[in-house]
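Residue numbers (our numbering): 1 to 271. Note that CB positions come from ideal geometry on N, CA and C, so glycine has one too. Model, not experiment: these values are computed from the prediction.
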Amino acid sequence: MPELPEVETTRRGIEPHVRGRVVARVRVREPRLRWRVPRSLSRELPGQRIDAVRRRAKYLLLDTGAGSALLHLGMSGSLRLVREAMPAGPHDHVDIVLDNGWSLRLNDPRRFGSLLWTRGDPLEHPLLAGLGPEPLGAGFDGAGLHARARGRRVAIKPFLMDSRTVVGVGNIYASEALFRAGIHPARAAGRISLARMERLAAAAREVLEDALRAGGTTLRDYSDVEGAPGYFAQDLRVYGREGLPCLRCGAPLRAIVLGQRSTYYCARCQR
DNA sequence: ACTGGCTCCTGAGGGC
DNA sequence: TGCCCTCAGGAGCCAG
1 MPELPEVETT RRGIEPHVRG RVVARVRVRE PRLRWRVPRS LSRELPGQRI DAVRRRAKYL
61 LLDTGAGSAL LHLGMSGSLR LVREAMPAGP HDHVDIVLDN GWSLRLNDPR RFGSLLWTRG
121 DPLEHPLLAG LGPEPLGAGF DGAGLHARAR GRRVAIKPFL MDSRTVVGVG NIYASEALFR
181 AGIHPARAAG RISLARMERL AAAAREVLED ALRAGGTTLR DYSDVEGAPG YFAQDLRVYG
241 REGLPCLRCG APLRAIVLGQ RSTYYCARCQ R
């Protein structure tokens, strides 16, 4: 579930509580996430001070002198800060217990998330090494999108959701960005002009920034570190609005499936 | 190299 | 009420 705004909201929420703290221990109740939580994490993270809390794509990185914990929330994951003694509930799979009595608690009903440990530069980890640019960073623009799309027949929406194109744009924000840019989600990526790709890059950045300001989008189970929802759901213009009038032209919004993912758009405004 | 499809898992919601 | 079906915010991996 979480896309970039939700992961970044989580990062900002935990950073002041976690940075500079020493990990007292790691409690793994259920190691069977997307990949098994490695024993090296429980062995090597305790005793380490967390020097930085970073985000790359939808991965959170907890950096220490000995290595980095690499955390992904998958579709249904969330992090909470709780008192260490707080009884664990269903799907509370892992606690990273800090030296001040607080715990970073990972809850993930579907277990599509992951928690890994890497000793080297985490950005060189195989899961991160091939990722495209950050959408809110300097390396993302229309020219890059246009160059990368050259000759590609894949629909623009799954192209935009491909983490080698740009990271952090998930199913909600892909539909929202294409609506804002006026581009039909099924249009072949290679058949979009440079000028329209520039609009798309700007639209993607804007929708992610707007969502970040609202604390992310809560559809069902996303919540921030304090347990509060994100408020961007009320600002979604097309996602989940099949049959409702387009906010721009009034035509009923449509839903199709692209790349096995629900896609929402206005057939009149998006070409 | 691209493309599309499958997969992991639990829970919510709708229809009957 | 209960049962069954479909769908869900990700993304790595595979076959063709």
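About 3 Å separates the beta carbon of Glu198 from that of Gly142, a gap short enough to meet the 8 Å contact definition. For Val167, the secondary structure class from DSSP, reduced to helix, strand or coil, is coil. Ser175 sits in a helix when the DSSP states are folded into three classes. In this structure, the beta-carbon distance from Gly230 to Gly216 falls below 7 Å. The C-beta distance from Arg39 to Asp92 rounds to 20 Å, too long to fall under 8 Å, and the pair is not in contact. Note that the C-beta distance between Leu115 and Val26 is not below 7 Å. For the pair Pro122 and Val166, the CB atoms are not nearer than the 7 Å cut-off. Every alpha helix (DSSP H) stretch that sits fully inside the stretch 82-137 and reaches 4 residues is listed by chain position as 126-129. Spanning the alpha carbons of Ala267 and Ala203 requires a straight line of approximately 18 Å.
Here Asp95 is buried, its C-beta having at least 16 other C-beta atoms within 10 Å. Judged by DSSP in its simplified three-state form, Ala147 adopts helix. According to DSSP, residue pairing for His72 in a beta bridge involves Tyr59, Ser114. Within its own chain, the residues whose Cβ lies closer than 8 Å to the Cβ of Leu253, once the five positions on either side in sequence are excluded, are Val238, Arg241, Glu242, Gly243, Leu244, Pro245, Cys246, Tyr264, Tyr265, Cys266, listed in chain order. Contact between Ala147 and Ala189 is absent: CB atoms are separated by about 11 Å, not below the 8 Å threshold. As the crow flies, the alpha-carbon of Phe159 is around 15 Å from that of Ser193.
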